[in-house]
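Mapping to this note's numbering: the sequence shown position 54 is 456, numbers consecutive. Here a beta-carbon is modelled for each residue, glycine too, at the ideal position from N, C-alpha and C. Since this is a predicted model, take the numbers as computed values, not measurements. Okay, structure first, notes after.
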Amino acid sequence: MTEKTLPFLMVALALGLSVGLARADAEGRVIDYRITRNGDDIGTHRVRFERGDSQMTLEHEISIRVRILALEAYRYDLRAREVWREGRLVGFSSTTDRNGDALQVFARRGGSGIRVRAAGGERVTVPGSAIPADPHWNVLSAGDALMIEAEDGALRRVRVSGPRTETLTLAGRRLSTHRYDVTGEHDASLWYDEDGYLVKKRLRASDGSTVITQMR
403 MTEKTLPFLM
413 VALALGLSVG
423 LARADAEGRV
433 IDYRITRNGD
443 DIGTHRVRFE
453 RGDSQMTLEH
463 EISIRVRILA
473 LEAYRYDLRA
483 REVWREGRLV
493 GFSSTTDRNG
503 DALQVFARRG
513 GSGIRVRAAG
523 GERVTVPGSA
533 IPADPHWNVL
543 SAGDALMIEA
553 EDGALRRVRV
563 SGPRTETLTL
573 AGRRLSTHRY
583 DVTGEHDASL
593 WYDEDGYLVK
603 KRLRASDGST
613 VITQMR
């Protein structure tokens with residue numbers, strides 16, 4: 403996603419979410435993330451994983467508030483549901499309140515492609531290999547990819563590099579992670595733990611601010 407202003411950056415924070423068939427038992431697991439901008443808390447992101455047979459469902463709740471001089475300058479709430487079957491995205495929906503603007507996105511697999519209805523009403527069919535932006539489950543591999551924005555359904559052509567092993571300190575403990583970097587029409591760095599869960603995501607806004615989503 404090239405560099406973003408803060409509002410557009412929230413799209414990436416919102417839902418870069420994908421899942422493969424879990425290496426770890428993700429049934430019923432809930433993961434909470436803290437979202438910061440230049441070190442200041444601005445919001446939370448909760449992901450619920452539910453798995454049954456060959457199907458995985460993710461539900462996302464994001465709440466972001468940006469305050470300037472104690473006044474609320476930006477409000478963002480997103481709810482989304484994502485369904486994967488046998489490692490392929492089969493359905494996705496999201497509802498977003500962005501400073502009072504209501505946005506909805508729907509996507510469903512049909513044949514070898516995924517039919518997407520974007521927030522503006524545009525309808526397009528994309529390759530079946532497309533994934534939501536910034537996946538919270540590690541389905542990334544090096545090379546070119548097509549990502550779907552959660553908030554508005556926009557398509558981003560990107561290149562993924564990695565993984566490379568890095569050690570992070572999380573809640574006072576050292577954690578071995580696999581880092582991937584995404585460049586092109588979406589820019590992000592993502593760290594996953596050994597079980598494939600997203601540990602940390604870093605994005606930089608065009609105003610120079612750094613936005614980080616990190617597992618609590």
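On the CB-based measure, 16 or more other CB atoms within 10 Å of its CB, does N540 come out buried or exposed?
Your numbering for residue 540 matches position 138 in the sequence shown. Counting Cβ neighbours within 10 Å, N540 comes out buried, since at least 16 surround it.
Other residues of its chain near R436: CB distance less than 6 Å, five sequence neighbours each side excluded: Here residue 436 refers to the residue found at position 34 when the sequence shown is read from its first residue. Result list for R436: Q616 and R618, in chain order.
Practice task
Within the same chain, show all residues whose beta-carbon is closer than 6 Å to that of R448, passing over the 5 residues directly before and after it, in chain order.
Solution key: In the sequence shown, residue 448 corresponds to position 46, counting from 1. Within the same chain, R448 has close Cβ partners D434 and E463.
*asked:* Suppose only complete runs of 4+ residues qualify. What are the alpha helix (DSSP H) ranges in the region 441-500, listed by chain order?
replied: none
Counting C-beta neighbours from all protein chains within 10 Å, is the total for E596 16 or more, i.e. buried, or is it exposed? Indexing the sequence shown from 1 puts residue 596 at position 194. Exposed: under 16 other Cβ atoms inside 10 Å.
Give me the residue from D503, L491 and A472 with the minimum Cα distance to G457. Locating residue 457 in the sequence shown gives position 55, counting from the first residue. Before going on, a small fix: residue 457 reads as Gln here, not Gly. Among D503, L491 and A472, the Cα nearest to that of Q457 belongs to L491.
Q.
Assuming E568 is part of the beta strand (DSSP E), what are its boundary residues?
A. One-based indexing of the sequence shown puts residue 568 at position 166. E568 -> beta strand (DSSP E) spans L557 to L572.
Can you grab the Cα-Cα spacing for the pair L349 / D499, in whole Å? The structure shown does not extend to residue 349, since the chain is modelled only from 403 through 618, so no value can be given for it.
| task | Can you check DSSP and say which residues form a bridge with P537? | result | As a position in the sequence shown, residue 537 is number 135, starting the count at 1. Answer is none; P537 lacks a bridge partner.
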